[in-house]
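Visitor: Residue numbers (my numbering): -8 to 679. Every residue, glycine too, gets a C-beta built ideally from N, C-alpha and C. Can you keep this structure in mind? I'll have questions shortly.
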């Protein structure tokens, strides 16, 4: 957002007790000015004794003498506005600029405001830099008709702000004081606001408020002609006028406005005798650029021209079309692949030729809107950027109403993709058959493209096509996106939405009891349900789990075997058939797992086996981490319990119990977290 300072210097008549006779003037950027929508305008009113902008190439009125022999040709580059006064280029006996004498006794708070800079080029020449401590510029006043001169009191403060050499120049805090001492080195000068155009605002001290006060800018010490140059611009000597009112209702000397439309602002000042003076300023508001109007084009075009309501910069248009987006009447994206300014004049245009990836062959309204481009710019004009999401409707007519619907994309037996589609039309089937040319199948690795043609189908009644250009290694590496286009009537075409194959991630799960599965999303129909299916060496597919998200974890089969896993969607019933999409396959191996808990069903206490205890498949319990064993008699009473499986003597000895049938219940956890359980009958037989 830009900010403008408009200063109104009011001209009062002879009824005022002090003469401040200047015409109303706007210092920046001009009296009647044009701004952009959203810009802020700072209005300031002041009554001025002297105001000079030097834009007419002379020192102007209000000065009694100048011995500085200034020039007004901007020899050291541009100043704040137009021409400025520059000292040091031509010989002069004494570098002073002296104003007329003014009566300040009836004024309010008075001040001197001006822009100033020192030269910034070491050596001889029109821009040579003041670099000695005594070669700076003094701001002084005299109350005795120039017999003696006094510096404005300090502190002498440099402005805070601009270090640029080209406008616009912005000062954050104006400089003040009466003398600004130069810096000796170029490095210091380049970082000093004294050597760049900046604003100074110096309150007139009380000692200078007399009925005959004059002011001067004076450089009292120089090295020689052609050295120690400096310049001033936009000089104003004034006082705050009393009894002000703005058209906005504000009564202070300043006002801030953000006009949304062109507006005339006025300010009125009234003196103690009731005399008034009024002045106006016109602020013309230019809106930001906008797209429009809506357009209508014939069916089948892939190029069209949009209009901007005001000139925009041709070099802000991204040739790749990324400044814009577009969608089909149904809402699906239509890529914009090119944009070119038409008849650029002075680097600007109001028309842009747009190219789309596909011809527009659907009746209805396409939506076209602006967006930040790949060059990180939006379209720009003198009044800012074209706002994002500014929209134009592109109307298409006279298209055959033919719709091609991509029904399904699937991987066939872990080998290659297959594409399935259907069509509908308001034209009779036989008539459309006579207009038919071919189906074109396009493929891409990413949903947004780029898509490339990979095959055609010339049979009008065909509803599927198998992509034999890909193989098992391909479908196990990438998900492939497809769309289908029907071409008819000598080049008219309609294209389907895109769908991608399901890619199952074949991660290494060989060392775990569980299978962690992830796969790509399938958007062939809304909210698909996924089946996780496993096939062993018997060739039978079994559904192990269902999911509505694209990841799950299942427990591997217990039996040792080489298994294959795939993802399959639940059946989707649609016009034209029942559709199922399958992923690629992933293979994993299950090895015989240990421990596998076993309990003997006969126990004969003797010297070899004095205790009844658990064993595993390899007759060892070393792979267990938890264990609980219980023995029950025939009446269901627990007669023994133990948990220390690593100590054989902790098992049941059978002591004190008769021969007969007993029951055991054992629960354990293996070292990989598997839960094991065994229960059954136990025959106790004694040899003694």
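Near residue 310, which residues of its chain fall below 7 Å by C-beta distance, leaving aside the five closest residues on each side in sequence?
Guide: Counting from one through the chain shown, the residue named residue 310 turns up at place 319. Cβ neighbours of residue 310 beyond the five flanking positions: 329, 330, 331.
Visitor: Cutting at 7 Å between CB atoms, please list the residues of its own chain near residue 251, excluding the five before and the five after it.
Guide: Position 260 of the chain shown, counted from the first residue, corresponds to residue 251. Here the set comprises 28, 276.
Visitor: Report, in whole angstroms, the separation of the C-beta atoms of residue 515 and residue 490, which I expect to be a contact under 8 Å.
Guide: The count along the chain shown starts at 1 and reaches residue 515 at position 524. The count along the chain shown starts at 1 and reaches residue 490 at position 499. 5 Å between Cβ atoms; contact.
Visitor: Spatial neighbours of residue -7 within its chain, please: C-beta separation below 8 Å, excluding the five flanking residues on both sides.
Guide: Here residue -7 refers to the residue found at position 2 when the chain shown is read from its first residue. Unreliable placement is indicated for residue -7, whose pLDDT of 46 sits below 50; no coordinate value is reported for it.
Visitor: Under 9 Å between the Cβ atoms of residue 384 and residue 358?
Guide: Your numbering for residue 384 matches position 393 in the chain shown. Your numbering for residue 358 matches position 367 in the chain shown. Cβ distance < 9 Å, so residue 384 and residue 358 count as in contact.
Visitor: Mind checking residue 574: buried by the 16 CB within 10 Å criterion, or exposed?
Guide: Within the chain shown, the letter at position 583 stands for residue 574. Answer is buried; the Cβ neighbour count reaches 16.
Visitor: Give me, in chain order, the residues of the same chain whose beta-carbon lies closer than 6 Å to that of residue 140; leave out the 5 immediate sequence neighbours on both sides.
Guide: Within the chain shown, residue 140 is the residue found at index 149, counting from 1. So the list reads 131, 133, once near-sequence residues are dropped.
Visitor: If you follow the alpha helix (DSSP H) that residue 177 is part of, which residue opens it and which one closes it?
Guide: Here the question's residue 177 lines up with position 186 in the chain shown. 177 to 181 is the extent of the alpha helix (DSSP H) around residue 177.
Visitor: Going by C-alpha to C-alpha distance, which of 67, 173, 87, 151 sits closest to residue 157?
Guide: Residue 157 sits at position 166 when you count from the first residue of the chain shown. That would be 67, whose Cα lies nearest to the Cα of residue 157.
Visitor: Looking only at its own chain, which residues have a Cβ that is under 7 Å from the Cβ of residue 715, when we skip the five neighbours before and after it?
Guide: No answer is possible for residue 715: the residues shown for the chain start at -8 and end at 679.
Visitor: Residue 162: buried (16+ other C-beta within 10 angstroms of its C-beta) or exposed?
Guide: By 1-based counting over the chain shown, the position of residue 162 is 171. Buried.
Visitor: In terms of residues, what are the limits of the alpha helix (DSSP H) holding residue 463?
Guide: Here residue 463 refers to the residue found at position 472 of the chain shown. Residues 463 to 466.
Visitor: Select from 224, 171, 395 the residue whose C-alpha is nearest the C-alpha of residue 211.
Guide: Here the question's residue 211 lines up with position 220 in the chain shown. Here the closest residue by C-alpha is 171.
Visitor: To the nearest angstrom, report how far apart residue 651 and residue 637 are at their CA atoms.
Guide: Locating residue 651 in the chain shown gives position 660, counting from the first residue. Locating residue 637 in the chain shown gives position 646, counting from the first residue. The straight-line gap from Cα to Cα measures roughly 27 Å.
Visitor: Tell me residue 578's beta-bridge partners as DSSP assigns them.
Guide: By one-based count along the chain shown, residue 578 stands at place 587. The partner list for residue 578 (beta bridge, DSSP) reads 555.
Visitor: Which of the three DSSP states is assigned to residue 18 in this structure?
Guide: For the purposes of this step, residue 18 is taken as the residue at position 27 of the chain shown. Here residue 18 scores only 37 on pLDDT, less than 50, and its place in the model is too uncertain to base an answer on.
Visitor: If we count the other Cβ atoms within 10 Å of its Cβ and call it buried at 16 or more, is residue 412 buried or exposed?
Guide: Here the question's residue 412 lines up with position 421 in the chain shown. With 16 or more Cβ atoms within 10 Å of its Cβ, residue 412 is classed as buried.
Visitor: Where do the N-terminal and C-terminal ends of the beta strand (DSSP E) with residue 130 fall, by residue?
Guide: Against the chain shown, residue 130 aligns to sequence position 139. That run of the beta strand (DSSP E) goes 129 to 133.
Visitor: Just to confirm the assignment, what range does the beta strand (DSSP E) spanning residue 687 have?
Guide: Nothing in the structure corresponds to residue 687, since the chain is present only between -8 and 679.
Visitor: Using the C-alpha atoms, what's the distance from residue 546 back to residue 611?
Guide: Numbered from 1 along the chain shown, position 620 holds the residue referred to as residue 611. Numbered from 1 along the chain shown, position 555 holds the residue referred to as residue 546. Summary for residue 611: the model assigns pLDDT 45, below 50, so the residue's position carries little reliability, and this model does not support an answer.
Visitor: Taking the beta strand (DSSP E) that residue 283 belongs to, which residues open and close that run?
Guide: Residue mapping note: residue 283 aligns to position 292 of the chain shown, counting from 1. Element bounds for residue 283: n/a, residue is neither H nor E.
Visitor: With a threshold of 16 other CB atoms inside 10 Å of the CB of residue 153, please say whether the residue is buried or exposed.
Guide: Locating residue 153 in the chain shown gives position 162, counting from the first residue. Under this definition residue 153 is a buried residue.
Visitor: What is the rounded straight-line gap between the Cα of residue 608 and the Cα of residue 404?
Guide: As a working mapping, residue 608 is identified with position 617 in the chain shown. As a working mapping, residue 404 is identified with position 413 in the chain shown. Residue confidence for residue 608 is low, a pLDDT of 47 falling below 50, so the modelled location carries little weight; the figure read from the coordinates is stated next. In this structure, the CA atom of residue 608 is about 38 Å from the CA atom of residue 404.
Visitor: What is the C-beta distance between residue 487 and residue 406, in whole angstroms, given that I count them as a contact (C-beta under 8 Å)?
Guide: Residue mapping note: residue 487 aligns to position 496 of the chain shown, counting from 1. Residue mapping note: residue 406 aligns to position 415 of the chain shown, counting from 1. Actually they do not touch by this definition, with Cβ atoms about 24 Å apart.
Visitor: Go ahead and label residue 458 buried or exposed: buried means 16 or more other beta carbons lie within 10 angstroms of its beta carbon, across all protein chains shown.
Guide: Taking the first residue of the chain shown as position 1, residue 458 is located at position 467. So residue 458 counts as buried.
Visitor: Just list the residues that DSSP pairs residue 349 with in beta bridges.
Guide: Here the question's residue 349 lines up with position 358 in the chain shown. According to DSSP, which records beta bridges pairwise, residue 349 is partnered with nothing at all.
Visitor: In whole angstroms, what separates the C-alpha of residue 41 from that of residue 90?
Guide: Against the chain shown, residue 41 aligns to sequence position 50. Against the chain shown, residue 90 aligns to sequence position 99. In a straight line, the C-alpha of residue 41 is about 8 Å away from that of residue 90.
Visitor: Figure out for me which residue from 173, 625, 470 has the closest Cα to the Cα of residue 147.
Guide: Here residue 147 refers to the residue found at position 156 of the chain shown. Cα-wise, what sits closest to residue 147 is 173.
Visitor: Taking just the CA atoms, how far does residue 240 sit from residue 65?
Guide: Along the chain shown, one-based indexing puts residue 65 at 74. Along the chain shown, one-based indexing puts residue 240 at 249. If you take the alpha carbons of residue 65 and residue 240, they lie about 41 Å apart.
Visitor: On a CA-only basis, which of 313, 306, 322, 671 is nearest residue 338? Give me that one, please.
Guide: Indexing the chain shown from 1 puts residue 338 at position 347. For residue 338, the nearest C-alpha among the options comes from 306.
Visitor: Could you tell me the boundaries of the beta strand (DSSP E) in which residue 667 lies?
Guide: Position 676 of the chain shown, counted from the first residue, corresponds to residue 667. Element bounds for residue 667: 666 to 675.
Visitor: By the DSSP assignment, the beta strand (DSSP E) with residue 455 in it spans what residues?
Guide: As a first step, residue 455 is located in the chain shown; it is residue number 464 there, counting from the start. Where residue 455 is concerned, the enclosing beta strand (DSSP E) stretches over 455 to 457.
Visitor: Go to residue 257, then tell me how far its beta strand (DSSP E) extends in each direction, as first and last residue.
Guide: One-based indexing of the chain shown puts residue 257 at position 266. Here the beta strand (DSSP E) through residue 257 covers 254 to 261.
Visitor: Quick one: Cα of residue 226 to Cα of residue 265, how far?
Guide: Position 235 of the chain shown, counted from the start, is the residue given in the question as residue 226. Position 274 of the chain shown, counted from the start, is the residue given in the question as residue 265. Approximately 30 Å, taken between the alpha carbons.
Visitor: Please report how far the alpha carbon of residue 465 lies from the alpha carbon of residue 410, in whole angstroms.
Guide: Along the chain shown, one-based indexing puts residue 465 at 474. Along the chain shown, one-based indexing puts residue 410 at 419. Cα to Cα, the separation comes out at about 16 Å.
Visitor: Rounded to a whole number of angstroms, what is the C-alpha to C-alpha distance between residue 21 and residue 43?
Guide: Here the question's residue 21 lines up with position 30 in the chain shown. Here the question's residue 43 lines up with position 52 in the chain shown. Note on residue 21: pLDDT 43, under 50, position unreliable in the model; the coordinate value appears next. For residue 21 and residue 43, the distance between alpha carbons rounds to 14 Å.
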